[in-house]
Each structure stands twice: as structure tokens, then as C-alpha cells.
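Residue numbers (full-length UniProt numbering): 1 to 229. Note that beta-carbon positions come from the ideal geometry of N, C-alpha and C, so glycine has one too.
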């Protein structure tokens, strides 16, 4: 299922299909992903997981597809949103988006979670990677604010020790935003949530729900699931 469906209820949700290679190793991998999701499920800039559902379709000869039910992103993926709206975005908008993305990554780093692919499309290219190793860098886009150029050029410094960590990037972006009164008045820096479980009541509830979900999924008898080819 590639489409995003709207389900009945107070909020729409995105449905992400995940076909299990039906063996114990894969189930363990799914449980690991759910546990990682549980660790960050409270963060405003990370899409939440609402559960797992089973999809069966005689028409499509599908009997055991398991799907994660995720929070619905009404603007689609970041890539599709930028393709449709990039020309309309002001630099204030771009600062806020960059800040929100950086906050999400900092949350992962703070929890010791390794991210593998943060973009919406597969952009890895071996040839390009080799060129980058040899010093290839993009040309700075004309009219890009100087302070923003400084941040992202530091991030691609060839010497790892010279690159800022994600927490420093968040701090720089926050400083840029708060210096602009027009943004600061209309923007709450809620995305930066400083991993404070005691101050976030939704955090414990969300983690409890996902913990129960993980336990239930872990109890499934995988022998009852028919192999799919």
C-alpha cells in the first residue's frame, strides 16, 4: 500500500505497509524498531506510531502483511512538500524547518539511536560519495544568508573534529531564529524538547502504550504466519 489512507476518528493517520520476512530474526528487528520509536515517541518533530495492523486481501493475494499505523503527515514527505512549496518559502520558513529537523536528529542522538536514512528518497550514490571524499562540495546558492552558509559549510568540513555536533547545530539555528523578532513572536521553540520525562506527561503515556504493543507483538506465534513469496 503506497497510498496514505484517512481513517475514521478525530485524527487522520498515515498507514505504512511493512511486509515481514516471516522469521524470528525479522520479528526481532521489528520489535527493535518499535522500541526505538518508543524512546522518541513524545517528540513534536518525530512522527508517532499508533500501532500495528494486519492487512489481508484476497484480490491482491495477500494474507499476512503487517502495517505500522503512523501519525498522518498532511503535507506528505519533506521531498514532496519542498517540490510543491519551495518557491513560496521565505528564509524565515526555511530556518524554522531546519531547526525542527535538527531538533528531531538531536533527540535521536540523545537517545543513542543511529539513523540510517533521514531523507524521503534514496539518494545514496557511490560515485558521488567518492567525489565528496575527494573534496567535491556544492556551490553556495546565491542570496543564501551568510550565517546559514557558515553552519552548513562547517558541517561538511573534511576534518571531523572541525564539524559541529548536532546539539551545536540546534543551538546555532535557535540563536538565528530568536534574533529575528518576526519569527520569535510566532514560533514556539517546542521542537527542542530537552528530553525531560518528568515535565512531559504525554511521554509516559505514549511509552506505556507502545510498551504494551511491543509485548503483544512479541507474543505472536510466528509459526502461525504463512510464508510469503
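Quiz item: For residue 100, which of 88, 47, 136 and 87 has the nearest alpha-carbon?
Solution: Closest option to residue 100, Cα to Cα, is 47.
Quiz prompt | Under 9 Å between C-beta atoms of residue 72 and residue 173 | solution = Taking 9 Å as the Cβ cut-off, residue 72 and residue 173 do not qualify as a contacting pair.
Quiz item: Buried or exposed: which applies to residue 37, given that a residue is buried once 16 or more other Cβ atoms fall within 10 Å of its Cβ?
Solution: With 16 or more other Cβ atoms from the protein chains shown falling within 10 Å of its own Cβ, residue 37 counts as buried.
Quiz item: Roughly how many whole angstroms lie between the Cα atoms of residue 144 and residue 52?
Solution: Each residue's CA atom was taken as its position, placing residue 144 and residue 52 some 43 Å apart.
Self-check item: Nearest-angstrom Cα separation, counted from residue 147 out to residue 176
Solution: Approximately 8 Å, taken between the alpha carbons.
Quiz item: Can the beta-carbon of residue 104 be found less than 9 Å from the beta-carbon of residue 165?
Solution: Cβ distance not < 9 Å, so residue 104 and residue 165 don't count as in contact.
Quiz prompt | Per-residue DSSP class, three states only, for residue 109 | solution = In this structure, residue 109 counts as helix in the three-state DSSP scheme.
Exercise. Please check the pair residue 151 and residue 169, which I expect to be a contact at CB under 8 Å, by giving their CB distance rounded to whole angstroms.
Key: Confirmed, Cβ separation roughly 6 Å.
Quiz item: Do you know offhand how far residue 84's Cα is from residue 74's?
Solution: About 13 Å.
Quiz item: Quick one: what does DSSP say residue 178 is sitting in, helix, strand or coil?
Solution: The DSSP-derived three-state label of residue 178 is helix.
Self-check item: Closest Cα partner of residue 77 within the set 97, 111, 40 and 33
Solution: With distances taken between Cα atoms, residue 77 lies closest to 97.
Exercise. Let me know the alpha helix (DSSP H) ranges lying completely inside the region 125-150, each 4 residues or longer, listed in chain order.
Key: Fully enclosed alpha helix (DSSP H) runs of 4 or longer: 126-133.
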